[in-house]
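Q: Take this structure, written in structure tokens, and hold onto it; I'll ask about it next.
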Amino acid sequence: MKMVTMSEAAAKTEAAKPILSVNNIEVIYDHVILVLKGVSLSVPAGGITALLGANGAGKTTTLKAISNLLHAERGEVTKGTIVFEGDQVQALSPNELVRRGCIQVMEGRHCFGHLSVEDNLMTGAFTRRDGKAEINRDLEMVYEYFPRLRVRRASQAGYTSGGEQQMTAIGRALMSRPKMILLDEPSMGLAPQLVEEIFEIVKKLNEEQDVSFLLAEQNTNVALRYAKYGYILESGRVVLDGAAEALRTNEDVKEFYLGVGGEGRKSFRDVKHYKRRKRWLA
Amino acid sequence: MELLNSIFIKPFQDMVAAPDFLLQVLWEGLVAGVLYALIALGFVLIYKSSRIFNFAQGIMVVFAALTLVGLHEKGIPALLAVPLTLVVMLILAIAIERVVLRPLVNQPDIILFMATIGITLFLVGFGELIFGGENKVMITEQLGIPTGSFTFEPFGGFVSIEQKDLTAVIGAVVLVAALLVFLNKSKMGRAIRALGDDHQAALSVGISLSTIWILVWFIAGIIALATGIVWGARAGVSFALEVIAYKALPVLMLGGLESVLGAIIGGLAIGILEKLFEIYWGQPLMGGNTETWFAFVFALIVLLFRPQGLFGEKIIERV
């Protein structure tokens, strides 16, 4: 099965030129803790790619390795390369990466609590040099996508709701005119309806603004409905990848992540036993 | 009874009895307070944007003043020496970012604090090497600061205001106002506030740490120069000037390390209160010279009741 998916991936990369490719990277925190043990993935230009896995699988670390926010947490990429639009970028600062069009929206929103919503959005334009008129036009565009932010533009971001903060965080990233957004766990702590709303906007941005997405999610179900391709991480390795459709019908994925696999009712004890034995990596 | 009377009643009787003198005292306090506020602002800006408590703020005041006077001694006209000093402060900011801050990024706060002590020691040595250790006189007149004083007579009394104090207050108000507009309206100001709120998020949206750090240290340099000119005009330019920066510590305790508004109000409050205390309580009851410790005791008492300071930033937390 692994062989098939590999050649599938190869075929895919030939079809659509990747905007981002991560080649066999290893990440070490604090010089000792090995977190990623050789992760490779690629995101086609104009695609939405999902990065799935349980807590601690290495999703966030992978995104931070790409955006180079790792450095601020004393982590570093010790092996492998990260290529964005044909250039190796693993030595670039986050500032330079944002300038080139690759920006991360961090897990847990991370809005600037004491700044107004509008000021939050405007901080996203820090790296831009194309003048006030263009920036204001983009601010207008963000308000078009997120009408609720227009209403709350003057409120301190710290006092807005979780959904509004997530919108602020995505809108802030949009203000940098990104070609690619690394979106970390957008569904975290949001009501299912809001999750759907956020993902719809992601889809719209992808289609209308031609922004590619690499999406780390625990909510496998939603992520695979919106993504075109998916990678599943487990303890710092990619254990499975494939087109979103294929992953959704994969028996193992159903069993481990979607909670719908197997036939008939099973006693809880059997489920536990089965799961313990049949992880891809024991 | 006598004691209670002299603590709680007599000072206020004195104030009412001679309102012109009270006005004079308040004015003197205000002048000192404006300066404290200015120095505290330098601390707050650097703390907000990098979580560094900048021990070197005091010596930067001395260094800026020395550079200004030193340049003038070398024959450069005073009005040209001011922008040149600013250039020196900019170079200093860039050097500090490159040599000290950048290699220490992500280290624990206490290490960065130690590094600013290092900067202090370096500037003391470097300043003495270049400008010599002897006291100098601030070039007040050459800078075009008027030195006379004028008086007016409210309540049938007599208040005298020195013109250089008035210039200092006006200058400080303009500087603070400019700073507030800069922080709230400009792109860089917004980035400084963002960095103070959430370091990681600021990095993630592409805010450049080096740029912001150079900027805030340069602003601290500008503030240092302004303070140096004003304080130098009153007390001469020497390394003892460094001490006034420590007067900013109670201001910071009072105002909260992160609040710009707190620094301003805290500075004014301490300046005025310590003057009032000195004149109406300190001199009659304790033989004077209370200004050296009053601010600290006052801040300590405030901290007992409000540990975050009077204006510490409200912590917004969603549950």
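Protein sequences appear in the order of chains F and G. In my numbering, each residue's number is its place in the first sequence (first place is 1) plus 4. Here my numbering is used: position 189 in the second sequence is 186, and no number is missing along the way. The beta carbon of each residue, even a glycine, is placed where N, CA and C say it ideally should be.
What would DSSP say about ASP34 (chain F), mapped onto helix, strand or coil?
A: Residue mapping note: residue 34 (chain F) aligns to position 30 of the first sequence, counting from 1. ASP34 (chain F) falls in the coil class under three-state DSSP.
Q: Rounded to whole angstroms, how far is the Cβ of ALA69 (chain F) from the Cβ of VAL81 (chain F), which I believe are closer than 8 Å?
A: Position 65 of the first sequence, counted from the first residue, corresponds to residue 69 (chain F). Position 77 of the first sequence, counted from the first residue, corresponds to residue 81 (chain F). About 5 Å separates the two Cβ atoms, so the contact holds.
Q: Quick check on GLY263 (chain F) - is its C-beta less than 8 Å from some C-beta in chain G?
A: Residue 263 (chain F) sits at position 259 when you count from the first residue of the first sequence. Judged by the 8 Å Cβ criterion, GLY263 (chain F) is not in contact with chain G.
Q: Tell me the DSSP bridge mates of PHE149 (chain G)?
A: As a first step, residue 149 (chain G) must be located in the second sequence, where it is residue number 152. G:VAL156, per the DSSP bridge assignment.
Q: Is the Cβ of MET110 (chain F) closer than 8 Å to any Cβ of chain G?
A: By one-based count along the first sequence, residue 110 (chain F) stands at place 106. At least one chain G Cβ lies under 8 Å of MET110 (chain F).
Q: Identify every residue that forms a DSSP beta bridge with SER120 (chain F).
A: For this step, residue 120 (chain F) is matched to residue 116 along the first sequence. Answer is F:GLN160, bridged to SER120 (chain F).
Q: Please classify MET5 (chain F) as buried or exposed, where buried requires at least 16 neighbouring CB atoms within 10 angstroms.
A: The residue you call residue 5 (chain F) lines up with position 1 of the first sequence. Note that MET5 (chain F) scores a pLDDT of 42, beneath 50, so its modelled location is shaky; the value from the coordinates is reported in the next line. Exposed.
Q: Could you please tell me which residues of the segment 101 to 125 of chain F, in chain order, have their CB closer than 9 Å to any CB of chain G?
A: Under the 9 Å Cβ criterion, the segment 101 to 125 of chain F contributes LEU101, VAL102, ARG103, ILE107, GLN108, VAL109, MET110, ARG113, HIS114, CYS115, PHE116, GLY117, HIS118, LEU119, ASP123, ASN124.
Q: Could you name the residues of chain F that LEU190 (chain G) contacts, counting a contact when the two beta carbons are closer than 8 Å?
A: Taking the second sequence and counting its residues from 1, one reaches residue 190 (chain G) at position 193. Before going on, a small fix: residue 190 (chain G) reads as Arg here, not Leu. Ordered by position in chain F, the residues that pass the 8 Å Cβ test against ARG190 (chain G) are PHE116, HIS118, LEU119, ASP123.
Q: Closer than 8 Å, CB to CB, is LEU24 (chain F) near chain G or not?
A: As a first step, residue 24 (chain F) is located in the first sequence; it is residue number 20 there, counting from the start. False, the Cβ-Cβ gap to chain G never drops below 8 Å.
Q: Taking a cut of 7 Å between CB atoms, which residues from the segment 73 to 102 of chain F lie near chain G?
A: Of all residues in the segment 73 to 102 of chain F, LEU73, ALA76, ARG78, PRO98, ASN99, VAL102 have a Cβ within less than 7 Å of some Cβ in chain G.
Q: Determine the chain F residues that contact SER3 (chain G) at a beta-carbon separation under 9 Å, and present them in chain order.
A: Indexing the second sequence from 1 puts residue 3 (chain G) at position 6. Result: empty, since nearest Cβ-Cβ is about 46 Å, beyond 9 Å.
Q: Name the DSSP beta bridge partners of ARG241 (chain F), please?
A: As a first step, residue 241 (chain F) is located in the first sequence; it is residue number 237 there, counting from the start. The partner list for ARG241 (chain F) (beta bridge, DSSP) reads F:GLU238.
Q: Beta carbon of PHE40 (chain G), beta carbon of ALA237 (chain G): below 8 Å?
A: Residue 40 (chain G) sits at position 43 when you count from the first residue of the second sequence. Residue 237 (chain G) sits at position 240 when you count from the first residue of the second sequence. Against a cut-off of 8 Å, the Cβ pair of ALA237 (chain G) and PHE40 (chain G) comes out as no contact.
Q: Measure the beta-carbon distance from SER3 (chain G) to LEU282 (chain G) and round it to whole angstroms, keeping in mind my assumption that it falls under 8 Å.
A: The residue labelled residue 3 (chain G) in the question sits at position 6 within the second sequence. The residue labelled residue 282 (chain G) in the question sits at position 285 within the second sequence. Right, their Cβ atoms sit about 6 Å apart.
Q: DSSP three-state label for ILE204 (chain G), please.
A: Counted from its first residue, the second sequence places residue 204 (chain G) at position 207. Coil, per DSSP.
Q: Compare the C-beta of SER183 (chain G) with all C-beta atoms of chain F and state if any pair is closer than 8 Å.
A: Counting from 1 along the second sequence, the entry for residue 183 (chain G) is found at position 186. No - not a single Cβ of chain F is within 8 Å of the one on SER183 (chain G).
Q: Could you give the C-beta distance for MET12 (chain G) and TYR277 (chain G), rounded to a whole number, given that I count them as a contact under 8 Å?
A: Locating residue 12 (chain G) in the second sequence gives position 15, where the first residue counts as 1. Locating residue 277 (chain G) in the second sequence gives position 280, where the first residue counts as 1. The pair is a contact, with the Cβ atoms about 7 Å apart (cut-off 8 Å).
Q: Taking only the alpha-carbon atoms, compute the straight-line gap between PHE9 (chain G) and ILE189 (chain G) and give it to the nearest angstrom.
A: The residue given as residue 9 (chain G) occupies position 12 in the second sequence. The residue given as residue 189 (chain G) occupies position 192 in the second sequence. Whole-angstrom Cα-Cα distance: 44 Å.
Q: Measure the Cβ-Cβ separation of GLY62 (chain F) and LEU237 (chain F) and say whether it is below 8 Å.
A: For the purposes of this step, residue 62 (chain F) is taken as the residue at position 58 of the first sequence. For the purposes of this step, residue 237 (chain F) is taken as the residue at position 233 of the first sequence. Yes; because the gap between Cβ atoms is below 8 Å, this pair is in contact.
Q: What are the start and end residues of each continuous beta strand (DSSP E) run of 3 or more residues lying completely inside the segment 36 to 66 of chain F, in chain order?
A: For the segment 36 to 66 of chain F, whole beta strand (DSSP E) runs of length 3 or above, ordered along the chain, are 37 to 48, 52 to 56.
Q: Compile a chain-ordered list of the residues in the segment 123 to 151 of chain F whose CB is closer than 7 Å to at least one CB of chain G.
A: Here the close residues are ASP123, MET126, THR127, GLY128, PHE130, THR131.
Q: Beta-carbon of ARG176 (chain F) versus every beta-carbon of chain G: anything under 8 Å?
A: For the purposes of this step, residue 176 (chain F) is taken as the residue at position 172 of the first sequence. Yes, contact with chain G.
Q: Kindly list the residues whose CB is nearer than 7 Å to the CB of ILE116 (chain G), restricted to its own chain and excluding five residues on each side of it in sequence; keep chain order.
A: On the second sequence, position 119 is the one that residue 116 (chain G) refers to. Correct list, in chain order: ALA53, ILE93, VAL97.
Q: Put ILE127 (chain G) into one of helix, strand or coil per three-state DSSP.
A: One-based indexing of the second sequence puts residue 127 (chain G) at position 130. Three-state result, ILE127 (chain G): helix.
Q: Would you call the segment 47 to 64 of chain F in contact with the segment 90 to 104 of chain F, where contact means no fewer than 3 C-beta pairs closer than 8 Å?
A: As far as the Cβ criterion goes, the segment 47 to 64 of chain F does not touch the segment 90 to 104 of chain F, which means the pair count is below three.
Q: Chain F beta carbons: is any one of them nearer than 8 Å to that of ASP106 (chain G)?
A: Stepping through the second sequence from its first residue, residue 106 (chain G) is reached at position 109. Taking Cβ atoms only, chain F never reaches closer than 8 Å to ASP106 (chain G), which makes this a no.
Q: Please find out if some non-hydrogen atom of the ligand ZN comes closer than 7 Å to the beta-carbon of LEU187 (chain F).
A: The ligand content of the structure shown is nil, which means the ligand ZN is not present either.
Q: For TYR261 (chain F), which residues from the same chain have a beta carbon less than 7 Å from its beta carbon, with the 5 sequence-adjacent residues on both sides left out?
A: Locating residue 261 (chain F) in the first sequence gives position 257, counting from the first residue. So the qualifying residues of the chain are LEU56, THR224.
Q: Closest Cβ-Cβ distance between SER157 (chain G) and chain F: below 8 Å?
A: The residue labelled residue 157 (chain G) in the question sits at position 160 within the second sequence. Not closer than 8 Å to any Cβ of chain F, the Cβ of SER157 (chain G) fails to qualify, so no.
Q: Using the beta-carbon of each residue, which ones in chain G are nearer than 8 Å to SER71 (chain F)?
A: Taking the first residue of the first sequence as 1, we reach residue 71 (chain F) at position 67. Residues of chain G passing the Cβ test: SER201.
Q: Is the shortest distance between the beta-carbon of SER180 (chain F) and the beta-carbons of chain G less than 8 Å?
A: As a first step, residue 180 (chain F) must be located in the first sequence, where it is residue number 176. Closer than 8 Å: yes.
Q: For ARG113 (chain F), I'd like the list of residues in its chain whose CB is within less than 6 Å of its CB, leaving aside the five on either flank, ordered along the chain.
A: Along the first sequence, one-based indexing puts residue 113 (chain F) at 109. For ARG113 (chain F), where only same-chain residues beyond five positions count, the Cβ hits under 6 Å are GLN169, GLN170, ALA173.
Q: Beta-carbon within less than 7 Å of ALA61 (chain G)'s beta-carbon, same chain only, minus the 5 sequence neighbours each way: which residues are those?
A: Here residue 61 (chain G) is taken as the residue at index 64 of the second sequence, counted from 1. Excluding residues within five positions, the ones whose Cβ falls inside 7 Å are THR82, MET86, GLY218, ALA221, LEU222, GLY225.
Q: Taking just the CA atoms, how far does ILE43 (chain G) sit from VAL170 (chain G)?
A: Residue 170 (chain G) sits at position 173 when you count from the first residue of the second sequence. Residue 43 (chain G) sits at position 46 when you count from the first residue of the second sequence. So the two alpha carbons sit approximately 20 Å from each other.
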